[in-house]
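Those sequence lines, one after another, are chains G and H. Each residue of the first sequence is one higher than the one before, counting from 38 in this note's numbering. Each residue of the second sequence is one higher than the one before, counting from 38 in this note's numbering. All residues carry an ideal CB built from backbone N, CA and C; glycine is no exception. If you're wondering where the values come from, they're calculated on a predicted model, not measured in any experiment.
There are 2 protein chains.
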Amino acid sequence: MAVNLIIPPESEIHSVDGVEIGIAEAGIRKAHHKDLTVFRLAQDSTVAGVFTRNRFRAAPVQVCESHLASGNAIRALVINTGNANAGTGEAGMRVAQETCRAAASLLGLQPEQVLPFSTGVILEPLPLDRLLAALPAAIDNLAAANWLPAAHSIMTTDTQPKVSSRRLQAGGHTVTITGISKGAGMIRPNMATMLGFMATDAAIPAELLADMTRRIADRSFNRITVDGDTSTNDSFIIVATGRSGLSVDSTSSPHYQALFDALAASALELAQKIVRDAEGATKFMTIQVDEAGSAEEALQVAYAVAHSPLVKTAFYASDPNLGRILAAIGYAGVADLDVSGVSLWLGDVLVASRGQRHPDYREEDGQRVMKEAEIPMRIALGRGQVSETVYTCDFSHDYVSINADYRS
Amino acid sequence: MAVNLIIPPESEIHSVDGVEIGIAEAGIRKAHHKDLTVFRLAQDSTVAGVFTRNRFRAAPVQVCESHLASGNAIRALVINTGNANAGTGEAGMRVAQETCRAAASLLGLQPEQVLPFSTGVILEPLPLDRLLAALPAAIDNLAAANWLPAAHSIMTTDTQPKVSSRRLQAGGHTVTITGISKGAGMIRPNMATMLGFMATDAAIPAELLADMTRRIADRSFNRITVDGDTSTNDSFIIVATGRSGLSVDSTSSPHYQALFDALAASALELAQKIVRDAEGATKFMTIQVDEAGSAEEALQVAYAVAHSPLVKTAFYASDPNLGRILAAIGYAGVADLDVSGVSLWLGDVLVASRGQRHPDYREEDGQRVMKEAEIPMRIALGRGQVSETVYTCDFSHDYVSINADYRS
């Protein structure tokens, strides 16, 4: 089902020195299902995160933000699937705090050194007893090589695990970056996605890491959408263990840019993998908006096109009914848009220019691009110099089937 | 397919004195298909219209606005299906103008006294020759009793004709209000819908009628959504022929309010019929947002819920996965929303209060409401006194099928 989603062979998934991962079956929602994951992070690791802007922020998101703000060194992450612990009020907050307390006790840490993450159904109580009962098994399972099993264990409606791993040489050191993500529906991250975890063995001070994490999210997880539904639990975390020997102290450090680019490339890969494995997706679409007057209006147009059910179903059918794209551009909310400046390309095919069908455009040419699994679309607004790119997928029968049946 | 859409018996569809309607087969897109409709309006009729705010306004919309602004007495409407004449540039403008010119010539009018309307595929040239060839037949067919055939002839992906007809007694006169609408996809009117035509035989001065039309659109066609896609061709027209003898000159006229309410009720009925016949719809949902701080935020929340593919597919499946509604409320864009003030009812079932699942809520109760064809939902925000209501439908396999195949 997934669109060109590549799972690297195990030999190319590099462990990150200073990170161990353990997995267990808690049976949160379904029995005999690996749904609990624990990360243990080496001393002196720095951790940064960005979280959903949904006003119904789940309890674990609130606890994460509080623990990150407390200044305590984060040393563990606890992730469950099967239940989002969102819309659960004070009781939900207690569940998230008890999870941290129990994990801290088993690992010899303070509760504030643990970050909790939950994903699954909203508005239902999370069975704390099952989670706590499985924690010792997850901790017994801790190992550096568990990235791929972890990518499996954080899946919900995902059909494929999502892993990115790369190495770079910098300052005489081999630096590793490995990460995992999950998510297939309720995807329009607004800070980050539900969920992304990356680690590197470079050393990065906490404040710089926080800044990098925000900027990386803005060009990766914050540029994807499946259905326009921003989740209550979006969380994206970067861990820097420092074990490689490379240390990057500021944006002017000699290897800062190379490290930033490598982290950003991994994050973009993980974000795009969410779109590639989106519920029901058969096509991966890149929507680039050029010549905008501002980033805001470029994104308004890109998201209007990316969210239009009419555009998405037309791409599913490879039906070059491309007036639907112009309609979406027109209602995107750019109040003073002069449509006579608008051009539209599908791949290398110029569909519309000066706000109307280009005289040389032939539907066969549009359809040829639409039949591909990877569809680049470019919209030029004729208003300025700003470009933005958003990644999305088509909208198929299977999206409806999956979401009509998700809980049953 | 349509959800409780009632087609009145012919005996209850009242002609409006001063309005004649003629229909013909132009074969704009498909041969042997009634796709051309002409309205002839009696002398001294007043006409008002509201039109799409999509920046890609179709050529006929632009011509309508220009002719209405010209101050000439509007005496005819020409409506074609099969092609929207949108995204067609200068050539499209000429087609719309030539249509008015030809109709005016046949009817003994000036071109500026004719309003053109088009609906169908965007970004393709409208075959003017076929339209002009069929105009004489449509005019030969002019008759007062043609409202139901006209409701048929303006359909595109609609499965049912949409007619509303009512009478009121005022000032010793029997006043008739009859209207038709069309639309099933690309429906999130932003001024009006694609397309609505109403007529009354009351007399209403042009300026007052324009004001009433705007206010009526804001509580009817501007409160429905199927897929969030605002069309390039939305147009809503009210004609007042004055033939009944009742004259309403200002908002303080004795029968103003009764006439306004009756017109508004007809418009709401026609707007709701579009939702009832929406592409693939199996359920009709009324989303009422109470206790908002402003109309704007009430509508933000109502539309976020109404557009969420996850909410719409859950209702299709009668799956009480109602956390999806809270998630949509949370991402609607009310930046300072305190979720602990939010309550949610499905029918008479209190699902959530204080931002979390209500302790007495049982899924069977939620599901009982979801299994109905008519689903009232109420959201209280706990922020103020403002209420707004939006009407929408669920999201089914058939929506995808219809929109993946629309042109084939």
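- Rounded to the nearest whole angstrom, the C-alpha separation of I241(H) and T211(H) is 15 Å.
- In terms of beta-carbon proximity, A79(G) stays away from the interface with chain H, with every pair separated by 8 Å or more.
- In the structure shown, T136(G) falls within a helical segment according to DSSP collapsed to helix, strand and coil.
- Using a 10 angstroms sphere on the CB of I217(H), the tally of other CB atoms reaches 16 or more, which defines it as buried.
- Ranked by how close their Cα comes to the Cα of P346(G), the residues F432(H), R94(H), T194(H) and V40(H) have F432(H) in first place.
- Nearest in C-alpha terms to K349(H), of all of L336(H), T262(H) and L307(H), is T262(H).
- Here the segment 328-336 of chain G does not lie against the segment 88-101 of chain H, with fewer than 3 beta-carbon pairs under 8 Å apart.
- Taking C-beta separations shorter than 8 Å and ignoring five residues to either side along the sequence, the partners of L359(H) in its chain run A351, L381, L383, V388, A389 and G403, following chain order.
- For I116(H), no alpha helix (DSSP H) encloses it; the enclosing beta strand (DSSP E) starts and ends at A113 to N117.
- By the Cβ neighbour-count rule, P396(G) is exposed, with fewer than 16 other Cβ atoms within 10 Å of its own.
- In the DSSP assignment, G216(H) falls within the unbroken beta strand (DSSP E) covering H210 to S218.
- Taking a C-beta cut-off of 8 Å against chain H, the contacting residues of the segment 345-363 of chain G are S345, P346, L347, T350, A351, Y353, A354, D356, N358, L359, G360, R361 and L363, listed in chain order.
- Classified as exposed, A182(G) has fewer than 16 neighbouring CB atoms from the shown chains inside 10 Å of its CB.
- When DSSP states are grouped into helix, strand and coil, A110(H) belongs to the coil group.
- Following the DSSP letters along the chain, one finds L78(G) inside the beta strand (DSSP E) bounded by residues K71 to L78.
- DSSP places Y398(G) outside both helix and strand once states are collapsed to three, so it counts as coil.
- In this structure, DSSP gives F432(G) a state outside helix and strand, which the three-state scheme calls coil.
- Contact note: A247(H) does not reach chain G at a C-beta cutoff of 7 Å; the least C-beta distance is about 22 Å.
- For I58(G), the enclosing beta strand (DSSP E) covers residues V56 to E62.
- Each of A354(G), T269(G) and T288(G) was checked against the Cα of I439(H), and the nearest Cα belongs to A354(G).
- Residues of the same chain with a CB within less than 7 Å of the CB of P45(H), apart from the 5 flanking positions on each side, are V200 and S202 in chain order.
- As summarised for the segment 373-397 of chain G, the continuous beta strand (DSSP E) elements at least 3 residues long and confined to that stretch are 380-383 and 386-390, given in chain order.
- The C-beta of F432(G) comes closer than 8 Å to at least one C-beta of chain H.
- Remark: C-beta atoms of T429(H) and Q393(G) do not approach each other more closely than 8 Å.
- Between I176(G) and L143(G), the C-beta spacing is below 8 Å.
- Within the segment 39-65 of chain H, no residue places its CB atom closer than 8 Å to a CB of chain G.
- Neighbours of I311(G) in chain H, taken as residues whose beta carbon is under 9 Å from its own, are absent, since the nearest beta carbon is some 15 Å off.
- Look at L359(G) here: in three-state DSSP terms it is coil, with no helix or strand label.
- Within the segment 117-130 of chain G, those residues whose Cβ lies closer than 9 Å to any Cβ of chain H are, in chain order, A121, A123, G124, T125, G126, E127, A128 and G129.
- At least 8 Å separates the CB of M322(G) from every CB of chain H.
- Distance between A372(H) and F88(G), taken at the CA atoms: about 15 Å.
- For M322(G), the enclosing beta strand (DSSP E) covers residues F321 to A329.
- T194(G) and Y436(G) have their alpha carbons spaced roughly 11 Å apart.
- Contacts with chain H at 8 Å (Cβ-Cβ) include G222(G).
- Burial is judged here by how many other beta carbons sit within 10 angstroms of a residue's own beta carbon; A68(H) has fewer than 16 and is exposed.
- The three-state reading of DSSP puts R415(G) in strand, counting E and B together.
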